[in-house]
Amino acid sequence: MTYVITFGCAWMIQANVWQRISAARSDQDAYKMTVMSFIAYIPLYLIVVFTGMAGIVIFDKMPEGGVVTSIVLNYMSPLLGAFVFVGISAAIMSTMDSLINTAAMTLSIDLYPAKHSEERKLKFSRLATLLVTLTALFISLRIRSILEVSWIASDIITTGVFVPLIAGFIWRRGNSKGAMASMCAGLLYCLYNLLIGFGISLPAFWEFQSPLQIILGVTLSTVIYFVVSMCTKPEFEKADHFIALTKKKEGDVFHS
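Numbering that gives the first Met the number 0 puts the sequence shown at residues 0 to 255.
This is the structure we're talking about:
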């Protein structure tokens with residue numbers, strides 16, 4: 000359930016997923032693409048499940064380097080092994096450059112002041128790409144498990160972004176100050192847990208990567224979003240515009 004909650008909530012609001020949906024030519028194309036992707040991912044993820052089940056039969060204990068690496072090295076011909084390696088590398092590189100681009104765009108477009116010139120924005124976007132890449136490299140060298148890194152990333156998205164983003168669709172009283180406060184609190188909470196994951200001894204009454212850690216993070220984000228929104232000036236005009244725009248798009252898709 001820990002993985003279902005974190006990965007499920009994270010992928011529901013994943014920026015690179017929304018980026019592809021927004022790039023569709025029409026709402027109808029976006030709807031078709033989402034449904035087709037859902038159907039296509041079922042057999043793709045079953046391949047991963049079957050690979051893990053095969054590894055249980057072949058190996059008595061988890062081999063060093065992982066199941067796939069050991070199967071490629073010990074049970075495949077060099078030609079077939081090279082084909083699998085290229086396929087896996089392509090999938091990894093595709094995911095990496097997409098996420099690096101998304102993170103760099105967030106820094107250079109959403110957070111960087113729009114008043115600067117295009118040349119200065121371009122320089123900052125290059126710097127943002129470098130910073131994101133170096134940060135990702137540092138984390139990957141410190142935490143060698145891809146599943147653990149993916150879980151940490153999903154936990155950051157779930158705790159820091161999920162609550163204010165979803166609440167923005169349905170709660171009219173919520174405002175930008177509440178959303179920012181919620182995201183900052185969730186991010187600090189996740190960074191605290193990330194330091195624990197790096198082996199730094201910090202006080203915590205919850206177990207690292209446990210259901211309690213997720214529940215506490217999401218609860219903290221929810222409470223801060225609600226309290227700050229209620230204690231600050233409402234933004235009904237902005238909220239009404241956003242909700243009306245969302246409902247219009249949903250109506251267009253349903254009509255199509």
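For each residue, glycine too, the CB sits at the ideal point set by N, CA and C.
Of the candidates V16, K31 and M179, V16 places its Cα closest to the Cα of N100. Here the stretch 154-167 does not lie against the stretch 120-130, with fewer than 3 beta-carbon pairs under 8 Å apart. In the same chain as L72, and ignoring 5 residues on each side of it, no C-beta atom comes closer than 6 Å to its own.
Using a 10 angstroms sphere on the CB of V162, the tally of other CB atoms reaches 16 or more, which defines it as buried. In this structure, W150 sits near Q208, with a CB-CB distance shorter than 8 Å.
Rounded to whole angstroms, the separation of the alpha carbons of I70 and L78 is 14 Å. Counting other Cβ atoms within 10 Å of its Cβ, G198 stays below 16 and is therefore classed as exposed.
For the pair L133 and Y188, the Cα-to-Cα distance works out to about 22 Å. Restricting attention to A103, S139 and I138, the CA atom closest to the CA of F123 is found in A103.
A straight line joining the alpha-carbon of W205 with that of R119 spans about 44 Å. Under the three-state reduction of DSSP output, N192 falls in the helix class. Excluding its 5 nearest sequence neighbours in each direction, F58 has C-beta neighbours in its own chain below 8 Å: V66 and S69, listed in chain order. Inter-residue distance for A238 and G64 is about 49 Å (C-alpha atoms, whole angstroms).
Per DSSP, the unbroken alpha helix (DSSP H) holding I91 starts and ends at P77 to M104.
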